[in-house]
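Asker:
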Amino acid sequence: MATLSTQIDVLFNDDNALSEFNEVKIKQLQKRAIHLKNLCSKLAEYKIPQTLIHGDLHLGNIAFYNNNYIIYDWTDSCISHPFFDMCKLFFSDKKRLFLSPYEYLSQWTAYEPKSRLLEAWKLTKPLCALHYAITYQYIIASLEPRAKQEFEGCIPNFMRQLLQWKI
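Here the sequence shown is numbered in the numbering used here, starting from 893 and rising by one per residue.
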């Protein structure tokens, strides 16, 4: 969380990341920086350990074979907050889930009681969008120009999610 917090100002001052936004929206994003840093600090107070996360976990990267789930395409993996991997599964408009958020959170009760896990879960949604925007900022920066086209609009999409978040 400390690392994520330090990357907020870099993201919110990156011309490429902000290229689809007008001056008003850019100022709105930049005003959210302090709130997002505070959320990072609050989430870090929970005893939920950082772990290996997939980084692009969605139903398209999960297969069921021989009574086992197989998770593939680990190219975006990193060490981060484990709840970030659940964003695309639980915070999307698609409702084809095989697991409820409560079932997922029950796997973490060795670290925090359920009530605190639910509090941490609520902090996660805007931080997921932030995490993914920053992740793709670094991924795109390392690509050759032709390969960057595949990710066009990706960062602004996550930034728009940050603008939708109520502060």
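Glycine included, each C-beta is placed from N, C-alpha and C at the ideal position.
1) Please tell me whether MET1051 and ALA1025 are closer than 9 Å, where the distance is taken between their beta carbons.
2) If I measure Cβ to Cβ from LEU944 and keep anything under 7 Å in the same chain, skipping five residues before and after, which residues do I get?
3) Closer than 8 Å is the cut-off here; do at least three beta carbon pairs connect the region 925 to 936 with the region 1011 to 1024?
4) What I want to know is whether the C-beta of SER933 ends up closer than 8 Å to one or more non-hydrogen atoms of the ligand GTP.
5) At what residue ranges does the region 963 to 987 contain a whole run of the beta strand (DSSP E), taking only runs of 3 or more?
6) Please confirm if the region 946 to 959 is in contact with the region 898 to 911, defined as three or more CB-CB distances below 8 Å between the two stretches.
7) If you drop the 5 nearest sequence neighbours on each side, which residues of the same chain put their C-beta closer than 7 Å to that of PHE904?
8) Out of curiosity, what's the CA-to-CA distance linking TRP1013 and GLN1056?
9) Since I believe THR1001 is in contact with LEU1009 (beta carbons under 8 Å), could you give me their beta-carbon distance rounded to a whole number of angstroms?
10) Give the straight-line distance between the Cα atoms of TYR964 and ALA955, rounded to the nearest whole angstrom.
11) Have a look at GLN999 and LYS934 and give me their C-alpha separation to the nearest angstrom.
12) Within 10 angstroms of its Cβ, does LEU1035 collect 16 or more other Cβ (buried), or is it exposed?
Answerer: By the coordinates alone:
1) yes
2) SER969, ILE971
3) The region 925 to 936 is in contact with the region 1011 to 1024.
4) Within the structure as shown, the ligand GTP is missing, as the structure has no ligands at all.
5) 970 to 972
6) no
7) Within the same chain, PHE904 has close Cβ partners LEU921, GLN922, ALA925.
8) TRP1013 and GLN1056: Cα-Cα distance of roughly 18 Å.
9) Yes, they are in contact, since the Cβ atoms of LEU1009 and THR1001 sit about 7 Å apart, within 8 Å.
10) 8 Å
11) Rounded to whole angstroms, GLN999 to LYS934 spans 21 Å at the Cα level.
12) exposed
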